[in-house]
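In this note's numbering, the protein residues as written are 1 to 628. Some notes on the structure that comes next.
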């Protein structure tokens with residue numbers, strides 16, 4: 001061991017400082033610097049190698065800072081196979097104990113080193129070409145009570161220059177890797193963080209935190225964050241934060257083993273940075289695995305062009321109040337091909353524009369997909385299965401909303417009455433969707449209350465085409481409830497006359513199968529006040545197949561398999577069947593004018609005396625056709 005009283009000083013180029021043996025130690029207990037590699041603004045020091053040395057500083061209560069190795073104005077510097085330790089009691093560790101501190105350097109390599117009991121492992125300021133590989137950083141834990149320990153390490157690696165940080169193990173540091181944007185050419189743009197293991201201790205809490213501690217914090221554009229393993233076992237933690245554009249977050253694993261505590265960690269957080277004009281626009285989040293109790297991938301405020309593709313989020317606890325994927329104020333965002341299991345809420349979108357939710361699988365969760373205050377939303381080709389509450393919920397949806405080719409199976413079996421729910425929409429299109437076994441769980445659980453396959457209210461215009469609402473197994477629902485395959489109403493509008501003046505609904509080529517005490521399909525006639533009414537001016541109900549089951553239990557007045565309401569109705573080419581002979585098939589509910597042609601029904605038509613049809617009805621329709 002070499003006990004020194006002054007730092008080792010290197011001030012000239014082309015120097016190799018090497019331990020004379022594998023156990024070579026350099027120790028100092030009267031100050032904080034062990035090695036200083038010092039260049040100048042005019043002449044940088046170059047080609048320095050430091051290897052096979054164990055650097056040790058004995059902690060002292062009087063010191064506020066300890067830097068074991070300082071590197072100033074250097075080019076092509078290598079630190080390898082070294083050990084950097086702070087010796088002494090935990091409470092004596094200086095507030096700023098740093099393993100390696102560099103300033104204004106280029107091509108700095110830090111490889112195969114071990115650092116212990118430091119507040120920060122590597123701080124690289126204005127250092128371009130930082131390469132940190134296969135280092136082991138062990139921070140200090142401060143016990144608080146018998147079961148809780150807090151990491152004293154703040155940063156494993158901190159850099160505001162171009163960096164490659166790979167294959168390191170970083171343990172007991174609040175933030176493993178921090179990349180900082182700079183307004184000059186030395187920023188950490190295009191840095192790579194690859195295949196690191198960042199481990200933090202379990203820290204359960206019920207107290208909200210203003211800013212989680214992220215294992216990888218990316219405040220620079222065009223970076224690559226890939227194949228890292230991160231633990232986030234506490235509500236104070238987060239996995240990866242991105243605040244700048246064009247960052248790729250690929251194939252990382254973020255795991256939470258948290259079992260208690262109401263505050264959950266955040267897996268991947270996309271947000272505008274503090275005091276920053278940048279947003280995480282056009283980032284790619286792909287192929288990541290998030291496991292355990294945590295909020296998954298969250299976009300918070302004002303970003304566009306983000307792609308969230310092919311991630312797997314398994315929350316493990318359905319009762320956890322978490323969001324697997326959440327977007328707030330996202331524009332032109334694509335959420336595609338993700339697998340979500342056992343989450344509280346699968347995908348949530350709020351106040352966005354032109355977003356797409358495509359080909360995702362959501363299973364065994366409390367809720368499926370929810371959207372509010374979205375415009376031009378496209379939700380297509382998703383599979384949503386075994387959901388306690390709603391499969392797909394939309395509210396206050398502007399411009400055009402397209403819901404196509406989705407498959408919902410076994411939704412609304414406990415927490416909510418409907419599989420597909422839409423409230424307050426400008427133009428709603430639901431096409432080629434399968435809504436199966438509403439109210440049934442994949443187990444034997446069923447919803448004891450009323451259930452609805454597709455429910456849309458306060459909708460100005462809608463197109464409901466080529467859908468299938470049905471049951472693929474014996475229906476176990478309560479037959480005495482007012483179930484519906486389709487329940488629909490128009491917008492709330494002034495109505496100086498009896499009928500709504502605007503709005504239209506087109507319902508064509510659908511299959512509706514199920515229970516309903518009074519109706520299977522219903523367009524509501526719902527006056528809200530004396531001068532307002534809820535409804536459509538024009539309704540087309542054509543080429544639908546309706547099969548109404550357990551109708552023998554119904555003695556409700558004005559009952560009918562299909563109940564329609566609107567100013568003008570076109571009812572054409574439908575096949576309407578009830579399992580009870582003479583159960584009314586189509587009720588036209590006091591419409592002003594209707595065209596009824598080419599329908600085959602098992603019951604009869606109910607209509608007001610003043611309505612206009614092609615008459616006689618039996619010449620244009622086949623009614624009371626119980627066998628067909």
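From the three backbone atoms N, C-alpha and C, an ideal C-beta is built for every residue, glycine too.
Inset, instruction - Can you tell me which of the three DSSP states residue 628 falls into? - result: Annotation note: pLDDT 47 at residue 628 (below 50); position unreliable, coordinate value reported separately. Correct three-state label for residue 628: coil.
Legend entry - Where the beta strand (DSSP E) through residue 357 begins and ends: 356-358
Inset, instruction - Could you give the DSSP three-state label for residue 618: helix, strand or coil? - result: helix
Legend entry - C-alpha distance - residue 426 paired with residue 334, whole-angstrom precision: 22 Å
Legend entry - Residue range of the unbroken beta strand (DSSP E) whose run includes residue 368: 367-372
Legend entry - Neighbour-count burial assignment, residue 628, 16 or more Cβ in a 10 Å radius: Caution applies to residue 628, whose pLDDT of 47 falls short of 50 and renders its modelled position unreliable; the value that the coordinates give is listed next. It counts as exposed.
Legend entry - Same chain, Cβ closer than 6 Å to residue 548, five either side skipped, listed in chain order: 520, 561, 578
Inset, instruction - Less than 8 Å between the CB atoms is what I'm expecting for residue 131 and residue 214, so what's the real figure, rounded? - result: With 8 Å as the limit, residue 131 and residue 214 do not qualify as a contact, their Cβ atoms being about 22 Å apart.
Inset, instruction - Just grab the DSSP bridge partners of residue 593 for me. - result: 568
Inset, instruction - Report yes or no: do three or more beta-carbon pairs, one from the region 408-416 and one from the region 345-360, lie closer than 8 Å? - result: no
Inset, instruction - Could you spell out the range, first to last residue, of the beta strand (DSSP E) harbouring residue 281? - result: Per DSSP, residue 281 belongs to no beta strand (DSSP E) and is neither H nor E.
Inset, instruction - Would you decide whether residue 233 is buried or exposed? Buried here means 16 or more other CB atoms lie within 10 Å of its CB. - result: buried
Inset, instruction - Leaving aside the five residues before and after residue 4 along the sequence, list all residues of the same chain whose C-beta is less than 8 Å from its C-beta, in chain order. - result: 26, 27, 28, 34
Legend entry - Nearest candidate by alpha-carbon position, reference residue 160, set 364, 189, 117: 189
Inset, instruction - Could you round the C-beta distance between residue 217 and residue 241 to whole angstroms and report it? I think they count as a contact, below 8 Å. - result: 5 Å
Inset, instruction - Throw me the rounded Cβ distance for the residue 477 and residue 451 pair, which I believe falls under 8 Å. - result: 6 Å
Inset, instruction - From the DSSP output, in three-state form, read off residue 551 for me. - result: helix
Inset, instruction - Ignore the nearest five residues each way along the sequence and tell me which others in residue 324's own chain have a CB closer than 6 Å to its CB. - result: 296, 313, 340, 343, 346
Inset, instruction - Compare the Cα-Cα distances from residue 424 to each of 400, 437, 447 and report the closest residue. - result: 400
Inset, instruction - Could you pull out every unbroken alpha helix (DSSP H) segment of at least 4 residues lying fully inside the region 129-185, listed in chain order? - result: none
Inset, instruction - Please go through the region 282-354 and give each complete beta strand (DSSP E) segment of 3 or more residues, from N-terminal end onward. - result: 284-286, 289-291, 295-304, 307-309, 312-314, 323-331, 334-336, 339-341, 345-350
Legend entry - Straight-line Cα distance separating residue 272 from residue 13: 43 Å
Legend entry - Three-state secondary structure (DSSP) of residue 630: In the structure displayed, the chain extends from 1 to 628; residue 630 sits before or after that span and is not available.
Inset, instruction - Return yes when the Cβ of residue 567 is within less than 9 Å of the Cβ of residue 589, no when it is not. - result: no
Legend entry - Coil, strand or helix - residue 21 by DSSP: coil
Legend entry - Option in 540, 77, 228, 206 with minimal Cα separation from residue 177: 228
Inset, instruction - Measure the C-alpha to C-alpha separation of residue 172 and residue 206 and round it to an integer number of angstroms. - result: 21 Å
Legend entry - Burial state of residue 9 (16 or more Cβ within 10 Å): exposed
Legend entry - C-alpha gap between residue 591 and residue 537, whole angstroms: 10 Å
Inset, instruction - Give the C-beta separation of residue 152 and residue 119 to the nearest angstrom, bearing in mind that I take them to be a contact with Cβ-Cβ under 8 Å. - result: 7 Å
Inset, instruction - Note down the Cα distance separating residue 62 from residue 70, rounded to an integer number of angstroms. - result: Reliability of the predicted coordinates at residue 62 is poor, the pLDDT of 49 falling under 50, and no value is obtained from them.
Legend entry - residue 11 to residue 38 span [Cα, whole Å]: 5 Å
Legend entry - Identity of the residue in 106, 480, 373, 299 nearest residue 267 by Cα: 299
Inset, instruction - Label residue 22 either buried or exposed according to how many other C-beta atoms from any shown protein chain fall within 10 Å of its C-beta, with 16 as the threshold for buried. - result: exposed
Inset, instruction - Name the residue from 76, 200, 405 whose alpha carbon lies nearest to the alpha carbon of residue 384. - result: 405
Legend entry - residue 167 vs residue 133 beta-carbon contact at 9 Å: yes
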